[in-house]
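Visitor: Take a look at this one; I'll ask things after.
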Amino acid sequence: MNLRSPSADTPDKPRRRAASKRSLATSLSILDAAERLFAERGYDGASVRDIAKAAGTQIASISFHHVSKETLFERVVERRASELSQLRLDALSALKTLDTEPTLEALLSAFLRPYLEKAGAGDPQWLAYARLVAMVSADARWHRISERCFDPTAGIFIAEIARLFPHADRSTIAVSFIFSVSSMLSLSTSTWRIEALSAAVGNQPAMDRLADHLVRFCEAGMHAGLGAAPNR
Numbered sequence: 706m707n708l709r710s711p712s713a714d715t716p717d718k719p720r721r722r723a724a725s726k727r728s729l730a731t732s733l734s735i736l737d738a739a740e741r742l743f744a745e746r747g748y749d750g751a752s753v754r755d756i757a758k759a760a761g762t763q764i765a766s767i768s769f770h771h772v773s774k775e776t777l778f779e780r781v782v783e784r785r786a787s788e789l790s791q792l793r794l795d796a797l798s799a800l801k802t803l804d805t806e807p808t809l810e811a812l813l814s815a816f817l818r819p820y821l822e823k824a825g826a827g828d829p830q831w832l833a834y835a836r837l838v839a840m841v842s843a844d845a846r847w848h849r850i851s852e853r854c855f856d857p858t859a860g861i862f863i864a865e866i867a868r869l870f871p872h873a874d875r876s877t878i879a880v881s882f883i884f885s886v887s888s889m890l891s892l893s894t895s896t897w898r899i900e901a902l903s904a905a906v907g908n909q910p911a912m913d914r915l916a917d918h919l920v921r922f923c924e925a926g927m928h929a930g931l932g933a934a935p936n937r
């Protein structure tokens, strides 16, 4: 005999599940709208009212789902950071399964490509996120977000690079790494400048080709700054 609680037979249970789905959909709509507006206008320029309007909801819904504007901003950054970090760590794990020590080029590719592939895939939300990450990286107000969302994975890759350059100072490695990250952020949000400066109208390079170029560029810069790796 199957025992069921009395509430299992009440007609309002499906409605509660439906409300939960609607609540989740509203929360995601708010995150998407906030991502776009924060990227377009910056944190200060995007009002809660405008975010609510873009999400097709009420201002009170933002307070209900995300507490405050600052909390909403942090959650917008956090939600894709975890996916991005996992893609990078998966790429690093794949390198670790090989019989040979990962090269600097391979390490840089594992870190840079996931971001560039997402930003260049044509998804307007990921493109907005790319702009948002560049903004967070440049604004001292959001240091704690960078430290929480991005620094742990960056630290893992810096440690791997340090193994290739055992005589290099850790701070110099970090500087070289930041130069690479800055180039990545700039490329993902400024591909139109390549077309403008090269006078090649309508002939913008594909992101995979740009990623190849960036990895080689950053690899050469690191070798110039850190010296030749023993196992290069």
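Heads up: the sequence shown is residues 706 to 937, going by the working numbering.
Just so you know, even glycine gets a beta-carbon here, dropped at the ideal spot from N, CA and C.
(1) What residues in its chain sit with their C-beta under 7 Å from that of V753, if we drop five residues either side in the sequence?
(2) Is there contact between the segment 883 to 895 and the segment 811 to 825, where contact requires at least three CB pairs shorter than 8 Å?
(3) From the DSSP output, in three-state form, read off Q763 for me.
(4) Return helix, strand or coil for D917, following the three-state DSSP convention.
(5) From what residue to what residue does the alpha helix (DSSP H) around S895 run?
(6) If you draw a straight line from the C-alpha of R678 to the C-alpha of D856, how long is it?
(7) Does the structure place the segment 872 to 890 close enough to the segment 921 to 928 that three or more beta carbon pairs sit under 8 Å?
(8) Report the CB separation of A862 from L812 in whole angstroms; it is logged as a contact under 8 Å.
(9) Could you tell me which of S728, M889, A757 and A730 sits nearest to A739, measuring between CA atoms?
(10) Quick one: give me the first and last residue of the alpha helix (DSSP H) that L792 is part of.
Guide: Taking the geometry as given:
(1) I764, I767 and K774
(2) yes
(3) coil
(4) DSSP, read as helix, strand or coil, puts D917 in helix.
(5) Looking at the DSSP string, S895 is not in any alpha helix (DSSP H), and its letter there is neither H nor E.
(6) Residue 678 falls outside the range modelled here, since the chain spans only 706 to 937, and no answer is possible.
(7) Under the 8 Å Cβ criterion, the segment 921 to 928 counts as touching the segment 872 to 890, having at least three qualifying pairs.
(8) It is worth fixing the name first, because residue 862 is Phe in this sequence and not Ala. Right, their Cβ atoms sit about 6 Å apart.
(9) A757
(10) From DSSP, the alpha helix (DSSP H) with L792 extends over K774 to K801.
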